[in-house]
Structures are given as C-alpha cells and as structure tokens.
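Here the structure comes first, spelled out in structure tokens, and everything after it is commentary.
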Amino acid sequence: MSNDTAVARSDNNKARQPAAAERRREEQPALLPPVDVVEDATGITLHADLPGVSRDKLHLHVDADTLTIDAELAFTLPEGMEASHAEVGLSRYRRVFTLSKELDTAKVSAELAQGVLKLRIPKAEHAQPRRIEVQAA
1 MSNDTAVARS DNNKARQPAA AERRREEQPA LLPPVDVVED ATGITLHADL PGVSRDKLHL
61 HVDADTLTID AELAFTLPEG MEASHAEVGL SRYRRVFTLS KELDTAKVSA ELAQGVLKLR
121 IPKAEHAQPR RIEVQAA
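Here the sequence shown stands for residues 1 to 137, where the numbers follow my numbering.
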C-alpha cells in the first residue's frame, strides 16, 4: 500500500531545524523500512517491517505534524566470529511521515512483535464520522 494517504505522508527529506544531536543522527545513513498505511473511518494504522530491532532500540517521536520512526538493529555476532557475507551494511532504520491535522497525536499507540511495528493513530474527535439526528418539525 502507498505511504501517501490522505492522513499520513512519508517525508524523509522534510526540512526542519533539529537540535545538534538529532541533526547528526539524521545525517547518518539509514535503511528505509517498508511501511503499509491503512486508513479507516476512525484513524490510521501503520505496519513497519523492522527485523532485528528490539523495543529498547526503537524510538518513536511525534513533533507537531511529524512522526519519526528511528530504530537500531540489535544484531551482533558472537565474540570471535566474523560475517563471511553481509548484504545489509547499515545498522539503523529511519522513516519520517507528515501527519494530517485530522489525527489525534496525543493518543498514539504502538506495539512491536516479531519485527513488525504496529502504530495506531486515531482521528481527532472533530474528524470522526458522526450521525446527525433530524428533528421533526
């Protein structure tokens, strides 16, 4: 599914003025994890593939309308062993999304299980569908 939906847009090159430590972190090369974004009437759910990431190495951050997924791979070889072949040379994931004003970023929930991050962001109360009762005249 596309990352560009009505309520969340992938924006890894968004220009911001982060603090010096954050700027250094952003400048490091990182893998772009594949992310599926599913929208329903009550909000969006993001499913990000983050194999090799543990909960303590996963950093989620919401700042105004920006969601950042930043994670470090926890894969290490046992002492005295060397990799004879490695296809992935980077040790971190990073993905940035611009969120719609319709979303309630104060109610974000996240789960990480078997290398898949499930992030749920509900729509704000004013953006939820609602039924309007018609009064008899």
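Each residue gets a CB set at the ideal place from its N, CA and C atoms; glycine is no exception.
Starting from the C-beta of residue i, find all residues in its chain whose C-beta is less than 6 Å away, skip the five residues before and the five after it, and write them out in chain order.
i, result
"Pro-29", "Leu-90"
"Thr-105", "Val-62"
Which residues does DSSP list as the beta-bridge partners of residue i?
i, result
"Ser-109", "Arg-120"
"Asp-49", "Val-116"
In whole angstroms, what is the alpha-carbon distance linking residue i and residue j?
i, j, result
"Leu-46", "Pro-34", "10 Å"
"Arg-95", "Glu-39", "18 Å"
"Arg-92", "Leu-60", "13 Å"
"Ala-124", "Ala-136", "30 Å"
"Asp-36", "Ile-44", "10 Å"
"Lys-57", "Pro-78", "19 Å"
Which same chain residues end up closer than 7 Å to residue i when comparing Cβ atoms and leaving out the 5 residues on each side of it in sequence?
i, result
"Asp-49", "Pro-33, Pro-34, Gly-115 and Val-116"
"Glu-111", "Lys-118"
Do the CB positions of residue i and residue j come within less than 8 Å of each other?
i, j, result
"Pro-122", "Lys-107", "yes"
Classify residue i as buried or exposed, calling it buried when 16 or more other Cβ atoms lie within 10 Å of its own Cβ.
i, result
"Ala-71", "buried"
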